[in-house]
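A short worksheet on the structure shown next.
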Amino acid sequence: MSELVRSTVNIQSARLFEDVHHYCTYADGRVEEGWGLAWIAATLEKHFDSDQGSALQFFGRIHEFVRENQVEEEDQVSVEIRPDGEVVNIEIRRKGHKSIRYPNDFIFYESTLWAFEPVEETVAA
């Protein structure tokens with residue numbers, strides 16, 4: 030039996046080639062890493078006693094962005110997953126752009142149409 034998570038877990042995800050690499054850091058310092066949606070689903074199932082639906086939906090959306098080439102290599106997404114399975118403290122770091130932060134997945138879903146659109150740079154005349 031795997032040890033269940035009793036505190037918040039930090040997960041960083043980044044596009045590398047045509048897939049997503051996930052890097053999980055637990056409160057006790059343990060680190061796990063792996064590739065793709067199947068790996069993140071297995072990790073959540075193994076370590077969380079709560080419903081993982083919200084987290085799986087979130088990571089499914091991240092993988093969808095990758096498949097649609099809306100995420101560049103080296104772009105990163107960092108999130109925290111609480112023991113109750115809620116996704117909070119989402120930060121999107123895009124190479125060459127300012128970081129975008131969302132307090133929870135509800136705000137993320139309401140805002141993602143803006144998050145991955147190219148940022149127009151203004152040039153002073």
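All letters in the sequence shown, in the order written, are residues 30 to 154 by the working numbering. Beta carbons are placed, not taken as given, at the ideal position from N, Cα and C, and that holds for glycine.
Exercise for the section: Count the other C-beta atoms from every protein chain shown that fall within 10 angstroms of the C-beta of M77, then say buried if there are 16 or more, exposed otherwise. Expected result: Sequence check: residue 77 is Phe here, not Met. Classification for F77: buried.
Practice task
Per DSSP, which residues does S79 bridge with? Please list them.
Solution key: Looking at the DSSP assignment, S79 forms no beta bridge with any residue, so it has no partner.
Practice task
Kindly indicate the opening and closing residues of the beta strand (DSSP E) around P218.
Solution key: The requested residue 218 does not occur in the structure, where the chain is confined to residues 30 to 154.
Practice task
Indicate whether the contact test is met: 3 or more Cβ pairs, each with one atom in the region 105-113 and one in the region 38-45, closer than 8 Å.
Solution key: yes
Practice task
Count the other CB atoms, across all protein chains shown, that sit within 10 Å of the CB of E149; report buried if there are 16 or more and exposed otherwise.
Solution key: Summary for E149: the model assigns pLDDT 48, below 50, so the residue's position carries little reliability, and this model does not support an answer.
Handout entry: Other residues of its chain near A70: CB distance less than 7 Å, five sequence neighbours each side excluded
Key = L85
Handout entry: D104 and R44 closer than 8 Å at C-beta
Key = yes
Practice task
Kindly list the residues whose CB is nearer than 7 Å to the CB of D113, restricted to its own chain and excluding five residues on each side of it in sequence; keep chain order.
Solution key: S79
Handout entry: Local conformation of E139 per DSSP, three classes
Key = helix
Exercise for the section: Return helix, strand or coil for G65, following the three-state DSSP convention. Expected result: helix
Practice task
Taking all protein chains shown into account, decide if I136 is buried (16 or more other Cβ within 10 angstroms of its Cβ) or exposed.
Solution key: exposed
Handout entry: Rounded straight-line distance, which links the Cα of R123 to that of H51
Key = 16 Å
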